[in-house]
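Chains as they are written, first to last, in the working numbering: chain F, 285 to 756; chain V, 2 to 464.
No residue lacks a Cβ here, since even glycine has one placed at the ideal position from N, Cα and C.
Everything numeric in this text was worked out from a predicted model, so none of it was measured.
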Amino acid sequence: MYQTVVGLEIHIHLNTKSKAFCSCLAEFGDEPNTNVCPVCLGYPGVLPVLNEEALTQGYTVARALGCNLSQRTLFDRKNYFYPDMPKNYQITQFHDPVGRDGKIEFQAHDGTIKTIRIHDVHLEEDAGKMIHAGDMSLCDYNRAGYSLLEVVTEPDLTSGEDAEAFLLSFQRLVRYLGVSDGNMDEGSMKCDTNVSIRKAGEPLGTKVEIKNLNSTRFIKKAIEFETKRQATALETNQRIVQETRLWNENRDVTESMRSKEGSLDYRYFPEPDIPPFLPDAAFWAAVESRQVELPLARKHRLTAAFGLSREQGDFVAESRFMADFFEQAAKESGNGLAVANWLMGDVQKELNHFNLSLEASPLTPFRLAQLQKLLDSGRIHIKIAKQLLDAVFEQNKDPEVVMREKGLEAITTEEQLSPIVDKVFEAHATVVEAIKAGDARQKGFLVGQVMKATDGRAAPALVNSLLAKRLG
Amino acid sequence: MSDAPSPWKSFQAKKEAYLAYARPWEKKVGSFLTFRPEAPSSAGSGPSGARPLEGLPFGVKDNIAVRDFPLTCGSKMLADLVSPYDATVVARAKAAGASVIGKTNLDEFGMGSSTENSALGKTSNPWDQSRVAGGSSGGSAAAVAAGLVPFAFGTDTGGSVRQPAGFCGVYGFKPTYGVLSRYGLTAYASSLETPGILAKDLGLVKTVFDAVKGRDPHDQTSLDPESQPVRPVKTIAVLADLADLDPGVKAVYEQTLVHLKALGYTLVPVTLPTLEYAVPAYYTIATAEASANLARFNGIRYGHRPVYAENPEHLVRQSRTAGFGNEVKTRIMLGTYVLRSGFQDQFYTKAQKVRTLISNDLQKVFDQADLLLTPTFPVPAFVHGDKTMTEFQQKLADKFTVTANLAGVPALSFPAGLAGGLPVGMQFTAPAFCEARLFEAAAAFATRVPVADCPGTSLDWSK
Chain F
285 MYQTVVGLEI
295 HIHLNTKSKA
305 FCSCLAEFGD
315 EPNTNVCPVC
325 LGYPGVLPVL
335 NEEALTQGYT
345 VARALGCNLS
355 QRTLFDRKNY
365 FYPDMPKNYQ
375 ITQFHDPVGR
385 DGKIEFQAHD
395 GTIKTIRIHD
405 VHLEEDAGKM
415 IHAGDMSLCD
425 YNRAGYSLLE
435 VVTEPDLTSG
445 EDAEAFLLSF
455 QRLVRYLGVS
465 DGNMDEGSMK
475 CDTNVSIRKA
485 GEPLGTKVEI
495 KNLNSTRFIK
505 KAIEFETKRQ
515 ATALETNQRI
525 VQETRLWNEN
535 RDVTESMRSK
545 EGSLDYRYFP
555 EPDIPPFLPD
565 AAFWAAVESR
575 QVELPLARKH
585 RLTAAFGLSR
595 EQGDFVAESR
605 FMADFFEQAA
615 KESGNGLAVA
625 NWLMGDVQKE
635 LNHFNLSLEA
645 SPLTPFRLAQ
655 LQKLLDSGRI
665 HIKIAKQLLD
675 AVFEQNKDPE
685 VVMREKGLEA
695 ITTEEQLSPI
705 VDKVFEAHAT
715 VVEAIKAGDA
725 RQKGFLVGQV
735 MKATDGRAAP
745 ALVNSLLAKR
755 LG
Chain V
2 MSDAPSPWKS
12 FQAKKEAYLA
22 YARPWEKKVG
32 SFLTFRPEAP
42 SSAGSGPSGA
52 RPLEGLPFGV
62 KDNIAVRDFP
72 LTCGSKMLAD
82 LVSPYDATVV
92 ARAKAAGASV
102 IGKTNLDEFG
112 MGSSTENSAL
122 GKTSNPWDQS
132 RVAGGSSGGS
142 AAAVAAGLVP
152 FAFGTDTGGS
162 VRQPAGFCGV
172 YGFKPTYGVL
182 SRYGLTAYAS
192 SLETPGILAK
202 DLGLVKTVFD
212 AVKGRDPHDQ
222 TSLDPESQPV
232 RPVKTIAVLA
242 DLADLDPGVK
252 AVYEQTLVHL
262 KALGYTLVPV
272 TLPTLEYAVP
282 AYYTIATAEA
292 SANLARFNGI
302 RYGHRPVYAE
312 NPEHLVRQSR
322 TAGFGNEVKT
332 RIMLGTYVLR
342 SGFQDQFYTK
352 AQKVRTLISN
362 DLQKVFDQAD
372 LLLTPTFPVP
382 AFVHGDKTMT
392 EFQQKLADKF
402 TVTANLAGVP
412 ALSFPAGLAG
422 GLPVGMQFTA
432 PAFCEARLFE
442 AAAAFATRVP
452 VADCPGTSLD
462 WSK
């Protein structure tokens, strides 16, 4: 009876070599406090120098999310004290973010296509990391100053399942765009979730912000928990308090962290150290050149063009690499359906067996297409095709080369098959006589002998027709 | 204009004679927080033709980074901090052949007009040691006036180079915002401040300026000076409604007008209707920016910290409580106050609008005249601990200097004469990038009123 209303604040680490405002490496997992300099440590007198690549990636995402792009973008200081934040203010964008008022479609949990509106996309810097160890607190500033892009959605999601579906589609989007690896377990994608409930037709209820959500599954669970908690509260005539809550992944509950009364006044004001950025023609061209066909559109197109099922469509559009691989192999072979089946089935088995990713494997779209063409033209049959696929992985050779080297090509002409049939007839003259005398049951034996003599390469139809001819 | 004064070129060779001269003077005025005149030259290497500051020692205000020198900012908070890098102006001066011999005293983080807000040392005016040297670049002004260095860098956020220069009888130059890189300048009010140059020789001010100016990749707000058509200064604007000047300053001001007329300049009376709003606007913006800029000093990565703390929050609180002086705390609180959400329109945004109006007002003045003349400060150097001027009055007295910072335009305080044995500075303000006008008119003025030497100072050690 209550409707859940969800808005997300998604943070992604951008794929920049260096940090947002200094030349330190942005590398995950290095020794603590090795990728630091006076700038990202907030020494007196240093100044930020904007990494234009971060801005290009920020605009690229905002453009892909259909935002109005800022013709003049500014940075602001967000003031709050935290030990892992070197300057005790965060350089972010409050007044003039790179993009506003976007919208993007995604496939909801039930398969329907929904639209979610984007409030804004803004660039900011990450903080360091504080580790509490016994009676000590330690700070690692390697992450301080990483380029962070925040995407804020409007409260357009209506369930935990849809929030999860949206996040997975967003993750796919940033990976397609090549701006982030979007890994939630490594912290390169994070999401704070705002949840409220209301009865249909009523205005929005009081929202609660949930933090500490480091997987899409937790986000789904937290939204579902919150919906129940808030509904119970309303049913028992309690007020929903506007507050920040933390997800406790051990107990599967949200717990109060701080109320609105205790909320911080960030005292935003324009960052005086970074002049306004005015994109020029070359910058716009770079943003445009980085646009790609978005995952959902690509899935729809590939599904329609090659007659795929929904499951196949989801599979081949999962990553840009997979989609490119599929599309190339499908076009080359002229048999997209078969290529999709290969990719979902035997190719996955081979990859698992060799513990490889498709990117790192010896299989190329060309090789897969070649394999399928050999199959479709009857030069090999399916059992040989599977052997050849395995050989591609084992030997890193084209399937056709392996086929030739091993003499695996199918026997498809009478001229090739006749001498073999002759030998089989000679060797099994009594069987031949028996069949000719009317014992049709032993025909199968002869077929088996021909297949054995050809290592299974004889085209079954040809064997049948030739035997029929000879046996009258 | 003259080149760098030649006596200083023998500084490295005549070090003992210099030390015999400098030590007693330094004891009297306390201009340095770190003084290392014995150290070998720290000048950079480079083609000698490109080394216009060859052999010159210089002083650097202790809120500007010099590699391997302390960077205390006159604060207990940073008393033990040694800078790991050179500010751009310092690096460029070194590359031009000059070498740092010390870090000069200042009001803590540049906040003050007397250098009495320094937590680490007391600086006195070389002309009268019962008086202050001004501030916040008081140490730089005193060192130059006492003949301890030929030039020094200061920083000017609202007059902090020009006012002490006026108090100590030397030139104090604040360039157009952005022409000197702020990289290495410990930020107090980022949108207002700039490094500045103090020297007794006007030609040297210009030589240093030329050696260190221009765009710096470390400072995105820095820029190359725009070239302006060179034409002789003919007209000088003067305020028609100048009031509340100390009688001595008023007398020097009036003599200055006489000299300028005698030099052939046309004086144009103007008004600056927004002048009375300049100080409130300045302090609103400066303290707002300061509240963020000084947030980084929390005792965690460097700087003052307590021996023991319960938790990180406690550590930060204790570091800041003990590390900062009262004036700094006052300004941080003011800045925090004016930035509160819901009150920004009333304070911070309004101050930014006033800032625009002041720029417009100044532009109107420059439509009528090549330069604007005002006193640098309404009073000459006051005595240590003087209570006739409250902190509040000291701030109000900044009105002639803060205007240039709000508008980002260049200004120069020049020694214009003496009042009761104390030097009095006058100030020229010019449109953005028209530094040449300041130098031209000040040089002309010096032909009639040569710069007075502070009694007891000399360059005899160099002979």
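Please tell me whether, using a cut-off of 6 Å, the distance from the CB of LEU640/F to the nearest non-hydrogen atom of the ligand MN is below it.
This structure simply doesn't include the ligand MN, nor any ligand for that matter.
Where the alpha helix (DSSP H) containing TRP757/F begins and where it ends
Here chain F covers residues 285 to 756 and nothing more, so residue 757/F does not appear.
Opposite SER414/V in the DSSP bridges: which residues?
Indexing the second sequence from 1 puts residue 414/V at position 413. Looking at the DSSP output, SER414/V bridges to GLY173/V, GLN428/V.
When GLU527/F, ARG384/F, LEU578/F are compared against ASP476/F, the one with the closest alpha-carbon:
Within the first sequence, residue 476/F is the residue found at index 192, counting from 1. Of GLU527/F, ARG384/F, LEU578/F, the smallest CA-CA separation from ASP476/F is found for GLU527/F.
Tell me which residue opens and which closes the beta strand (DSSP E) that ILE481/F is part of.
One-based indexing of the first sequence puts residue 481/F at position 197. Residue range 473–483 is occupied by the beta strand (DSSP E) that includes ILE481/F.
Along the segment 330–344 of chain F, what residues have a CB closer than 8 Å to any CB found in chain A?
Protein chains F and V are contained in the structure displayed, whereas chain A is not.
Where does SER749/F sit, in a helix, a strand or coil, going by DSSP?
Here residue 749/F corresponds to residue number 465 of the first sequence, with the count starting at 1. DSSP, read as helix, strand or coil, puts SER749/F in helix.
Chain-ordered residues of the segment 90–116 of chain V with a beta carbon less than 7 Å from chain F
Going along the segment 90–116 of chain V in chain order, one finds no residue with a Cβ nearer than 7 Å to chain F.
Residues of chain F with CB closer than 9 Å to the CB of ASN361/V, please, in chain order.
Position 360 of the second sequence, counted from the first residue, corresponds to residue 361/V. What ASN361/V touches in chain F, judged by beta-carbon distance under 9 Å, is nothing: the nearest beta carbon there is about 20 Å away.
Does DSSP classify SER3/V as helix, strand or coil?
Locating residue 3/V in the second sequence gives position 2, where the first residue counts as 1. Because the pLDDT at SER3/V is just 46, under 50, the model does not fix this residue reliably, and the point stays unresolved.
Let me confirm a value: ASN521/F is counted as buried when at least 16 other C-beta atoms fall within 10 Å, else exposed. Which label applies?
Translated into positions along the first sequence, residue 521/F becomes position 237. It counts as exposed.
Can you give me, in chain order, the residues of the segment 354–372 of chain F that have a beta carbon less than 7 Å from any beta carbon in chain V?
Those residues of the segment 354–372 of chain F that come within reach of chain V (Cβ to Cβ, closer than 7 Å) are ARG361, ASN363, PHE365, PRO367, PRO370, LYS371, ASN372.
Using the beta-carbon of each residue, which ones in chain F are nearer than 7 Å to GLU290/V?
Here residue 290/V refers to the residue found at position 289 of the second sequence. Near GLU290/V (Cβ distances below 7 Å), the residues of chain F are PRO556.
Evaluate contact between the segment 277–285 of chain V and the segment 164–184 of chain V, counting only Cβ atoms and requiring at least three cross-stretch pairs below 8 Å.
Look at the beta carbons and you see the segment 277–285 of chain V not touching the segment 164–184 of chain V: under three pairs across the two are nearer than 8 Å.
Between the Cα of ALA146/V and those of ASP157/V, THR156/V, ALA134/V, spot the shortest distance and give me the residue it belongs to.
Position 145 of the second sequence, counted from the start, is the residue given in the question as residue 146/V. In terms of Cα proximity to ALA146/V, the closest of ASP157/V, THR156/V, ALA134/V is ALA134/V.
When the Cα atoms are used, what is the spatial distance from PRO744/F to SER603/F?
The residue given as residue 744/F occupies position 460 in the first sequence. The residue given as residue 603/F occupies position 319 in the first sequence. PRO744/F and SER603/F have their C-alpha atoms some 39 Å from each other.
In the segment 526–552 of chain F, which residues sit with their C-beta less than 9 Å from some C-beta in chain V, listed in chain order?
For chain V, the residues of the segment 526–552 of chain F that bring a beta carbon within less than 9 Å of one of its beta carbons are ASP549, TYR550, ARG551, TYR552, in chain order.
Taking the Cβ atom as the reference point for each residue, do GLU434/F and HIS406/F lie within a distance shorter than 7 Å?
In the first sequence, the residue the question calls residue 434/F occupies position 150. In the first sequence, the residue the question calls residue 406/F occupies position 122. In this structure, GLU434/F lies near HIS406/F, with their beta-carbon atoms less than 7 Å apart.
Taking 7 Å as the CB-CB limit, is SER3/V close to chain F?
For the purposes of this step, residue 3/V is identified with residue 2 of the second sequence, where counting begins at 1. Any reading at SER3/V needs caution, since the residue's pLDDT is 46, under 50, leaving its predicted position unreliable; the model's value is listed next. Using beta-carbon distances, SER3/V does not count as an interface residue toward chain F, since no partner is under 7 Å.
Buried or exposed: where does VAL290/F fall if 16 or more other Cβ atoms within 10 Å of its Cβ makes it buried?
Sequence index remark: in the first sequence, residue 290/F carries index 6 (1-based). Buried is the label assigned to VAL290/F, since at least 16 other Cβ atoms lie within 10 Å of its Cβ.
At the 7 Å Cβ level, is ARG318/V part of the contact set with chain F, yes or no?
Position 317 of the second sequence, counted from the first residue, corresponds to residue 318/V. So, not an interface residue.
Please classify ILE524/F: does DSSP put it in a helix, a strand, or coil?
Counting from 1 along the first sequence, the entry for residue 524/F is found at position 240. ILE524/F falls in the coil class under three-state DSSP.
Whole-angstrom Cβ separation of LEU193/V and GLY159/V, contact assumed at under 8 Å?
Start at 1 with the first residue of the second sequence, and residue 193/V comes out as number 192. Start at 1 with the first residue of the second sequence, and residue 159/V comes out as number 158. About 7 Å separates the Cβ atoms of LEU193/V and GLY159/V, confirming a contact at the 8 Å cut-off.
May I ask you to report which of helix, strand or coil DSSP gives ARG332/V?
For the purposes of this step, residue 332/V is taken as residue 331 along the second sequence, with counting starting at 1. ARG332/V: helix per DSSP, three-state reduction.
Apply the 10 Å Cβ neighbour rule to ASN243/F and answer buried if 16 or more other Cβ atoms are within range, or exposed otherwise.
Chain F is shown only over 285 to 756; residue 243/F falls outside these bounds and no answer can be derived.
Where does VAL576/F sit, in a helix, a strand or coil, going by DSSP?
Working through the first sequence from its first residue, we reach residue 576/F at position 292. Here DSSP, grouped into helix, strand and coil, assigns VAL576/F to coil.
C-beta contact flag for VAL269/V and ALA370/V at 7 Å:
What you label residue 269/V is simply residue 268 of the second sequence in a count that begins at 1. What you label residue 370/V is simply residue 369 of the second sequence in a count that begins at 1. Yes; because the gap between Cβ atoms is below 7 Å, this pair is in contact.
Unbroken alpha helix (DSSP H) run spanning LEU205/V, endpoints
The count along the second sequence starts at 1 and reaches residue 205/V at position 204. Bounds of the alpha helix (DSSP H) holding LEU205/V are 203–213.
For VAL676/F, which of GLY350/F, ILE695/F, ALA653/F, LYS583/F has the nearest alpha-carbon?
In the first sequence, counting from the first residue as 1, residue 676/F sits at position 392. Of all alpha-carbon atoms in GLY350/F, ILE695/F, ALA653/F, LYS583/F, the one lying nearest the alpha-carbon of VAL676/F is that of ALA653/F.
What in chain F is Cβ-close to PRO218/V, meaning under 9 Å?
As a first step, residue 218/V must be located in the second sequence, where it is residue number 217. The answer, in chain order, is VAL333.
Alpha-carbon spacing of LYS615/F relative to ALA669/F, whole angstroms:
Here residue 615/F corresponds to residue number 331 of the first sequence, with the count starting at 1. Here residue 669/F corresponds to residue number 385 of the first sequence, with the count starting at 1. The alpha-carbon separation between LYS615/F and ALA669/F amounts to approximately 19 Å.
Let me know the secondary structure DSSP gives PHE36/V once reduced to three states.
In the second sequence, the residue the question calls residue 36/V occupies position 35. Per DSSP, reduced to three states, the secondary structure at PHE36/V is strand.
Scan the segment 292–324 of chain V and note each continuous alpha helix (DSSP H) run of 4 residues or more that stays entirely inside, going in chain order.
For the segment 292–324 of chain V, whole alpha helix (DSSP H) runs of length 4 or above, ordered along the chain, are 313–324.
Ends of the alpha helix (DSSP H) at PRO762/F?
Residue 762/F is absent from the model: chain F starts at 285 and stops at 756.
Cβ atoms of ALA613/F and PRO649/F: under 7 Å apart, would you say?
Within the first sequence, numbered from 1, the residue matching residue 649/F stands at position 365. Within the first sequence, numbered from 1, the residue matching residue 613/F stands at position 329. Result yes, Cβ atoms of PRO649/F and ALA613/F sit closer than 7 Å.
Per DSSP, what kind of secondary structure is ASN126/V in: helix, strand or coil?
For the purposes of this step, residue 126/V is taken as residue 125 along the second sequence, with counting starting at 1. If DSSP states are grouped into helix, strand and coil, ASN126/V belongs with the strands.
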